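Asks:
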Amino acid sequence: MTRDLWKHLILILGALVVIAPFYMMVSYSFKSPGEIDRGEGGFFGRQEMMVDERCVKLRDPDREDVAAAAPRFPTQTDSQIRDALVAEAVADCQMRPIVFNYSKAFTEAPLLRYLLNGVIVTASIFLIQIVVALPAAYALAKLRFLGREAVFSLVLFCLLIPVHAIALPLYIMLAKVGLTNTYAALVVPWTISVFGIFLMRQFFMTVPDDLIDAARMDGMGEFAIVWRVMLPTAIPALLAFAIFSVVAHWNDYFWPRIVVTGNRDLFTPPLGLRAFKGDGDGSFFGPMMATATVIVTPLIVAFLVAQRRFIEGITLSGMK
Amino acid sequence: MAIAEPHTPVIVSAETAQRRTAWWLTAPALGLMVLILLVPVVIAGLLSFTDYSLGNDTFNWVGAKNYDRLFSRSTYEKMFVATFIYVVTVVPVSVGLGLGAALLINSMGRIGDIYKTIYFLPVMATLLAMAIAWEFMLHPSIGMVNRTLEMSCGTILEIIPFLKNGCADRFPLWLGDKDYAIWVICFIGVWQGFGFNMVLYLAGLTGVHRELYHAAEMDGAKSGWERFRLVTWPALGPTTVFVVTISCIRAFQVFDTIEAFWPQGGGPNKSTYVMMFAIFEKGVQQNLIGIGSAITVLFLIFVMFLTLIQRWLVERKVHY
Amino acid sequence: MADLQIDHVTKTFGDTQVLKGISLDIADGEFVSLVGPSGCGKSTLLRIIAGLEGQTSGAIRIRGQDVSGIRAADRNLSMVFQSYALYPHLTVAENISVPLKMRQLSAAQRLPVIGPFMPGARGRNAEIAAAVKHAAQTLEIDRLLDRKPGQLSGGQRQRVALGRALVREPAAFLLDEPLSNLDAKLRVQTRTEIAELHRRLGATFVYVTHDQVEAMTMSSRIAVMMGGEILQCDAPDEVYNNPLDIRVAEFIGSPKINILPVEASNGALRFGDVVLPTVAPKALKGPIRIGLRPEALRLAAQDAVLTGQVVHVENLGSEIFAQISLTGYDGRVTMRAAPAQRGSLRIRANIGLAFEGHAALLFDHNGKRVFNPQVAAAQSEVA
């Protein structure tokens, strides 16, 4: 029993270190700038009303505003009216820190757009990968043709080349055809997944030949067999591969950083967060951490919901 | 049944049709493989012998000048040193921690799943977002790390020289200090990657037969360490080869953290100027395609060399 | 329903000739088994008939029409596979309906979601559903229609595979070792059911198996294949009683036929020093072999031809098989005896054996059958 206690002690210590940045990220996204600076307020912060200085500054009344407001304050001098207006502005700009942080995250930068881009890019990458890899994997696993061995050797060789490593020549090629700063640039290098071909081929090898012959007897052509027989039987493997692919590309920062410059409409979530950090003065910690939380949360939640599938998917490469 | 292999094509419609469809099915994958993976490798190889820049119409062949530069300038020496330190630190530590965590968790039944989930979180999370979270954690004045360290001041823990110096003077700047920067990067690399290794090891451990442990015990392997040496470690051989290789390849590709912390220059005194960052800075930002390509080529050689070693080890029967 | 003609079909894989010119005519409504040891080419032949593989030379004719070059799907044949080959993602009903949907629905009508709303799709789908229901009822699997193959037992999967084959009316049914994945008890039961199904449908069946019992019990004719050739194709009792080749004699029959080396000269046969009661054609000379079925041997006291010692006895209840080591000979012979004779068949008991002269099957030095005059006489008597 004491030995188990030691084990738990070690593991808990590790868990604390692992969780610390997550804890801090979420906690900061709840707190007011003051609380962050002073390091107080526990996990949730005190959630006292705070004033958004920028909002107040934006509503700073000029001479016309004062003149316009004069009828509402008939007996007062201009400077009194001015003070009253400022007070109103301050009152209107009050909010809870958590609301402040998350509303800033979505309004200061087009975070929704970034998220949408992330979805578009990861989804297109995955779909194209499947459309390209599945037929090839089927042919390599189940059809006899001259050159099959050569094609498969090529697949094995290409497994050696990490796409990130050849980012520079790819970038040059895309620049030459004028495709940088487009969705295409974000998607194209990932359309071919040699790993996907390899993985699916290994899976298809385990599908009995009888099943394919039965489909042929039933009147299906080879294309129909790929999509109507092989695809449905491969759903578990495809799901794992989907997780592998989506996690990799949702989180990818290096490639988008290279091919998307300036055009914020194309920013993926990590790029958006990076830009947020670059723009912000140091006091923007709260909203920035809110942005980070928003970006990290979808995958973490999905992971917590379907843990086994995720671990299977991410460690897919272990099947090699 | 009957005879299935090997087949040579016979001039009869069933086979011919199959062969034709097979090529149609593989053609898209084949084309993309060549265009996106092979052509860039060749381009990188060629450009590494030129002084090409994007936007120029012409370029000159400069022979091995780019490679000469790589091996003579101190900047690139720093690049190799930083990459080397990172890989050589992160790989063994993250593999070791992964194995240790897997062994501990594997020995404790269902409750261990909680730790597994926690340790796997960093693998799922967007590294760039977590890098920014770490940056706040390590903030010299308001960061959680130094705040935690400060709490030890005035307590018995002050006998530790590091804490004593810190309390007397100030705690490290971490990211701003050239003596610490690379180690912080290494630490985050380990933090992010060891959960992945742990999961692979856990999968490997399920393949070890319970009876082998009983046999080892009967044979006189009394201590846990002896049983580990006799049964566990050999059985994990294939997993280890794979885990080490994939950790190496991932370690070589470190970029997100460095770009997040130091968008320019590669850290204090270029102490974290790793290869991926160098490719990005030279090739993409400064448009020095020749030198960027040369680094790319070296990078590819390292990575391919590692993978080939792995395949060789696997073929040399680390399987049992 | 249709007749099938296999005309000098050969198949070569690389350097190996797997089929060496097979010819076989299968009449409409016949149940023909292709039986032989593994590697004899029987599955390849079936796949060539199906159109899943092409022949190197020769022709396959269905209803007299050459189908070489016609795709498997267009030959109008049904096939049941050894591993059943059910689509794992489809329910039983959907599995059975696939061959009908592929043939009777247009590509648009097969589209997911919108397909059923295409013009004409509704009527067709109703027809298909009725056909599936009917097939399922025939095989008594109508309760399983909504399940997925993964939820079925081996026997049930086998029936679904059959159902998929008989949901339409093909020219012929091809069955590739359909019982080999079932346990022994279920195999016997399904055997009967397939035979009954054949009788009821009156369709042409081509059945591939390595199990001679299956072939014997179900077929109208058995084609025994070895080394890429058909050695003999005849009715089951003909193949059993009158094998034309020593390999056929050895393959068919369980326990195996007893083969003894004998010396022929001048119409007489000698086994060692013993003269056998069998008459041989006068022209036959030199060492040949004779085959004796276990049931041809009987216990004998005075008129014993062979003597030996009982070395092993298998009691099956209804009958006894005894292995006897012959005096002056290295090998053993197996005899069948009635349970009543158990007393005399104790281990290490010395016994005498006899057989009727016409029961011995003669094979020349090439293993080809030689008809002895006694058999001809015995057969003419029966007639």
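Protein chains in written order, with our numbering: chain A, 151 to 470; chain B, 300 to 619; chain C, 710 to 1092.
By construction, the Cβ of each residue, glycine as well, lies at the ideal position given by its N, Cα and C atoms.
Here the structure is a predicted model, which is why all the values come from computation and not from measurement.
1. In three-state DSSP terms, what is A/Phe435?
2. Just how far apart, CA to CA, sit C/Gly832 and C/Ile823?
3. Along the chain, where does the beta strand (DSSP E) that runs through A/Val397 open and close?
4. Label B/Gln317 either buried or exposed according to how many other C-beta atoms from any shown protein chain fall within 10 Å of its C-beta, with 16 as the threshold for buried.
5. Which residue wins for smallest C-alpha separation from A/Ala273, given the options A/Met174, A/Phe426, A/Val397, A/Leu454?
6. Could you check what DSSP says for B/Ala430 in three-state terms: helix, strand or coil?
7. In this structure, does DSSP put C/Ala1095 in helix, strand or coil?
8. I want to verify the contact list: residues of chain C whose CB lies under 7 Å from the CB of A/Gly369, in sequence order.
9. Excluding sequence positions up to five away, which residues of its chain have a Cβ less than 7 Å from the Cβ of C/Ala840?
10. In terms of alpha-carbon separation, which member of A/Lys254, A/Pro221, A/Tyr173, A/Ala365 lies closest to B/Ile417?
11. Report yes or no: is there a C-beta of chain A within less than 7 Å of the C-beta of B/Ala544?
12. Can you tell me whether B/Gln584 is buried or exposed, with buried defined as 16 or more other CB within 10 angstroms of its CB?
13. Between A/Met200, A/Val168, A/Tyr178, which lies nearest to A/Glu190 when the distance is taken from Cα to Cα?
14. Would B/Gly591 count as contacting chain A if we go by Cβ distances under 7 Å?
15. Quick check on A/Asn401 - is its C-beta less than 7 Å from some C-beta in chain B?
16. Are A/Leu161 and B/Leu403 close, meaning C-beta to C-beta below 7 Å?
17. Tell me the residue span of the alpha helix (DSSP H) that contains C/Gly864.
18. For C/Ala802, would you say it is in contact with chain A, using Cβ-to-Cβ distances shorter than 7 Å as the test?
19. Going by beta-carbon coordinates alone, are A/Phe307 and A/Leu290 separated by less than 7 Å?
20. In angstroms, rounded to a whole number, what distance separates the CA positions of A/Ser480 and A/Arg153?
21. According to DSSP, C/Ala768 sits in a beta bridge with which residue or residues?
22. Please report the straight-line C-alpha distance between B/Glu614 and B/Val540, rounded to a whole angstrom.
23. What residues from the segment 759–770 of chain C come within 7 Å of chain A, judged by C-beta to C-beta, listed N to C?
24. Alpha carbon to alpha carbon, what distance is there between C/Arg812 and C/Leu883?
25. According to DSSP, simplified to helix, strand and coil, what is C/Leu906?
26. With DSSP collapsed to three states, give me the class of A/Thr341.
27. Taking C-beta pairs closer than 8 Å, name the residues in chain B that A/Val168 reaches, listed in chain order.
28. Rounded to whole angstroms, what's the CA-CA distance from B/Pro562 to B/Ala428? Just pull it up for me.
29. Once you ignore the five residues that flank A/Val206 on each side, which residues in its own chain have a CB closer than 6 Å to its CB?
30. Tell me, please, whether the CB atom of A/Asp429 is closer than 7 Å to any CB atom in chain B?
31. Inspect the CB distances between the segment 750–759 of chain C and the segment 923–938 of chain C and report whether three or more fall short of 8 Å.
32. When you compare each of A/Thr227, A/Phe180, A/Ala452, A/Val410 to A/Gly328 by their alpha carbons, which one comes out closest?
33. Looking at C-alpha atoms only, which residue of C/Asp775, C/Val744, C/Gly745 is the closest neighbour of C/Ala759?
34. Could you name the residues of the segment 416–428 of chain A whose beta carbon sits closer than 8 Å to any beta carbon of chain B, in the order they occur along the chain?
35. With respect to the beta strand (DSSP E) encompassing C/Gly760, which residues constitute its N-terminal and C-terminal limits?
36. DSSP state of A/Thr465, grouped into three classes?
Replies: On the basis of the supplied data:
1. Three-state result, A/Phe435: helix.
2. In a straight line, the C-alpha of C/Gly832 is about 15 Å away from that of C/Ile823.
3. From DSSP, A/Val397 is part of no beta strand (DSSP E) but of the alpha helix (DSSP H) over 385–401.
4. buried
5. A/Val397
6. helix
7. Outside the shown range of chain C (710 to 1092) lies residue 1095 of chain C, about which nothing can therefore be said.
8. Ala782, Pro808, Met811, Arg812
9. Leu809, Val876
10. A/Tyr173
11. Per the sequence shown, residue 544 of chain B should be read as Thr rather than Ala. Taking Cβ atoms only, chain A never reaches closer than 7 Å to B/Thr544, which makes this a no.
12. Looking at its Cβ environment, which holds fewer than 16 other Cβ atoms inside 10 Å, B/Gln584 is exposed.
13. Checked all of A/Met200, A/Val168, A/Tyr178; the closest Cα to A/Glu190 is A/Tyr178.
14. yes
15. yes
16. yes
17. 863–875
18. Not an interface residue.
19. Taking the C-beta atoms as reference points, A/Leu290 is found no nearer than 7 Å to A/Phe307.
20. Nothing about residue 480 of chain A can be reported from this structure: the residues present for chain A run from 151 to 470 only.
21. C/Asp716
22. The straight-line gap from Cα to Cα measures roughly 11 Å.
23. Answer in chain order: Ala759, Leu761.
24. Rounded to the nearest angstrom, the gap between the Cα atoms of C/Leu883 and C/Arg812 is 19 Å.
25. helix
26. coil
27. Ile417, Tyr418, Leu420, Pro421, Trp490, Gly494
28. 15 Å
29. Ala239, Val240, Cys243
30. no
31. yes
32. A/Val410
33. C/Asp775
34. The residues in question are Pro419, Pro420, Leu423, Arg424, Lys427, Gly428.
35. Neither: C/Gly760 is in no beta strand (DSSP E) and is coded neither H nor E.
36. helix
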